[in-house]
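J.:
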Amino acid sequence: MSEEYAITAQGVVKKFGEFTAVNGLDLFIPKGQIYGFLGPNGCGKSTSIRLLTGLLAPTAGDIEVLGLNVPQEAEKLKTKIGYMTQKFSLYDDLSVEENLFFMGRIYGLPEALLKKRLTAQLETYGLSQLKDNRVSGMSGGQKQRLSLAAATIHQPELLFLDEPTSAVDPENRREFWEQLFDLCESGTTILISTHYMDEAERCHNLAIMEAGVIRAHGLPETLMDNLGVTVVEVLADNLRQIKVQLLKSEYINSVAQLGVRLRVLVSEDISRPLEWLREQYPELRNATLEISRASLEDVFVSVTGEGRQ
Ligand SMILES: Nc1ncnc2c1ncn2[C@@H]1O[C@H](COP(=O)(O)OP(=O)(O)OP(=O)(O)O)[C@@H](O)[C@H]1O
Ligand SMILES: [Mg+2]
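Residues in the sequence shown are numbered consecutively from 1380, following the numbering used here.
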C-alpha cells in the first residue's frame, strides 16, 4: 500500500446471515484528511467503521489501515486509532477525570505521560472545571467533549467518529468541528459518519452511502458541480399539485418543497430547463423560475433516488 493512505479497502463485503449490510466497499482515504460517510439510517456506516477498526471481520475483501492488515493485525492497530462510538461510551458513575484516566490505562499510557495528557485534554476540551463531576449529570455537549477527549488521550494517528454530533445542538456542533480541524492540522486522519448535510460539506472528501453501497464519492464541491442536473427553484401557487405533475416526468430527478418554493432537479438532457418547464407545464406559465446552485442535499437525493417520493 502507498504511504499516503491511512485506509484502503477493496471489495469489502459484510453479511449478517442472509442480509448484506456492506456490499463491495472500496475506499482510499488519504492521510491527514477528514473523510465523511454520509447516508441514511441503516445504510451501513457503523458496520463499515467497525470493519475498518478490526472489531468485525469482513465476509470478503481486503482492508489495510495504517499499513496493517485488518482484522489480522487489529491488535497492533489498537493503540494507533481512536474510536468514538455512536452512543458515547463513557462510565456514568465515574468522574470526568476518572473516565480519562481509565481510557489512558486501556491504551497503555505510562503513568507520567498519562498525567500530562490528562491535564492537556482537560484544558483543550474545556473540562478542567468539571474534572470531579460525575458523567451522569453532564449535558450532551459536555459528554461529547469528554468522549472526544477520551478517544484522543493517546494521540492516535487515526480517529473514527460515528455520528458524534447527533446528540448536541448546532452551536456545540460548530465548536466540535473546530476541534476536529485542530486535530486534523496536527496530523490526525479522521473518518466521520453523519446524516447531516452541513456537516458532510465540511469534510475534505466524502462517500455517499445507501443500502451498503457507496453511490458517489469525491470532494463535496466536485460532487455538487458534477451532479448532472440543473437545479431550478419554482415560486408559485399550488405547489403540492405542481409537485405531483413534475414528478411524472422522467427528466425530473427530484422535487422537494422548501417553504413557499419547490426545488426541482432537471436532468442535463434538457438543455434549456426554464423554457422547457414553462412549455411542458401550463401551471408554471406565471410562476417565477430561477436556476440555483446545487447543494449537497441535491447530490444526496439525486444519487440515492430519495427525491422521487
Ligand atoms: N450485528 C448485526 N446483526 C445483524 N444485522 C446487523 C448487525 N449490525 C448491523 N446490522 C444491520 O446492518 C444494516 C446496517 O447497519 P449500520 O448500523 O451499519 O447502519 P448505519 O448506517 O450505521 O445506521 P444509523 O444511521 O442508524 O446508525 C442495518 O440494516 C442493521 O440492521
Ligand atoms: Mg450507525
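Virtual Cβ for every residue (Gly too), placed ideally from N, Cα, C.
Any heavy atom of ligand 1 closer than 7 Å to the Cβ of Thr1544?
T.: On the sequence shown, position 165 is the one that residue 1544 refers to. Not under cutoff, so the answer is no.
J.: Are Leu1417 and Ile1587 touching if we call contact CB-CB under 8 Å?
T.: Sequence index remark: in the sequence shown, residue 1417 carries index 38 (1-based). Sequence index remark: in the sequence shown, residue 1587 carries index 208 (1-based). Yes, the Cβ-Cβ distance between Leu1417 and Ile1587 is below 8 Å.
J.: Where does Val1678 fall in DSSP's three states?
T.: Residue 1678 sits at position 299 when you count from the first residue of the sequence shown. Val1678 falls in the helix class under three-state DSSP.
J.: For the structure I just gave you, are there three or more beta carbon pairs, one from the stretch 1450 to 1469 and one from the stretch 1426 to 1438, closer than 8 Å?
T.: At 8 Å Cβ cutoff, the stretches touch.
J.: Below 7 Å CB to CB, which residues in the same chain sit around Tyr1630 once its five sequence neighbours on both sides are set aside?
T.: Position 251 of the sequence shown, counted from the first residue, corresponds to residue 1630. Correct list, in chain order: Val1645, Ser1646, Asp1648, Ile1649.
J.: Quick check: is any heavy atom of ligand 2 less than 7 Å from the C-beta of Gln1523?
T.: Counting from one through the sequence shown, the residue named residue 1523 turns up at place 144. Gln1523 Cβ: outside cutoff for every heavy atom of ligand 2.
J.: Can you name the start and end residues of the beta strand (DSSP E) that Ala1399 belongs to?
T.: On the sequence shown, residue 1399 is found 20 positions in, with the first residue counted as 1. Contrary to the premise, residue 1399 reads as Thr rather than Ala in this sequence. Its beta strand (DSSP E) spans residues 1398 to 1409.
J.: Would you mind listing the alpha helix (DSSP H) stretches within the stretch 1586 to 1647 that are 4+ residues and don't spill past its ends, in chain order?
T.: 1599 to 1604, 1618 to 1625
J.: Looking at the strands, I want to know which residues DSSP matches up with Thr1387.
T.: Residue 1387 sits at position 8 when you count from the first residue of the sequence shown. Looking at the DSSP assignment, Thr1387 forms a beta bridge with Phe1407, Glu1443.
J.: How close, in whole Å, do the beta carbons of Ala1579 and Gly1415 come, if the pair is a contact with beta carbons under 8 Å?
T.: Here residue 1579 corresponds to residue number 200 of the sequence shown, with the count starting at 1. Here residue 1415 corresponds to residue number 36 of the sequence shown, with the count starting at 1. Right, the Cβ-Cβ distance comes to about 5 Å (below 8 Å), so this counts as a contact.
J.: Is Asp1541 near ligand 2, in the sense that its beta carbon is under 7 Å from a heavy atom of that ligand?
T.: Position 162 of the sequence shown, counting from 1, holds the residue named residue 1541. At least one heavy atom of ligand 2 is nearer than 7 Å to the Cβ of Asp1541, so yes.
J.: For a test of your reading of the model: does the CB of Lys1424 fall under 7 Å from any non-hydrogen atom of ligand 2? Yes or no.
T.: Mapped onto the sequence shown, residue 1424 falls at position 45. For ligand 2, at least one heavy atom lies less than 7 Å from the Cβ of Lys1424.
J.: Are the stretch 1571 to 1578 and the stretch 1487 to 1497 touching by the rule of at least three beta carbon pairs closer than 8 Å?
T.: Fewer than three beta-carbon pairs drawn from the stretch 1571 to 1578 and the stretch 1487 to 1497 are found closer than 8 Å, and the two stretches are therefore not classed as touching.
J.: If you draw a straight line from the alpha carbon of Leu1538 to that of Ser1518, how long is it in whole angstroms?
T.: Counted from its first residue, the sequence shown places residue 1538 at position 159. Counted from its first residue, the sequence shown places residue 1518 at position 139. Between Leu1538 and Ser1518, the C-alpha separation is close to 23 Å.
J.: By the 10 Å Cβ neighbour count, where 16 or more other Cβ atoms means buried, how is Pro1652 classified, buried or exposed?
T.: Working through the sequence shown from its first residue, we reach residue 1652 at position 273. The residue is buried, with at least 16 neighbouring Cβ atoms inside 10 Å.
J.: Counting along the chain, where does the alpha helix (DSSP H) carrying Met1691 start and finish?
T.: In the structure displayed, the chain extends from 1380 to 1688; residue 1691 sits before or after that span and is not available.
J.: Count the other C-beta atoms from every protein chain shown that fall within 10 angstroms of the C-beta of Ala1491, then say buried if there are 16 or more, exposed otherwise.
T.: Position 112 of the sequence shown, counted from the first residue, corresponds to residue 1491. It counts as exposed.
J.: Between the stretch 1602 to 1618 and the stretch 1669 to 1678, are three or more C-beta pairs nearer than 8 Å?
T.: yes
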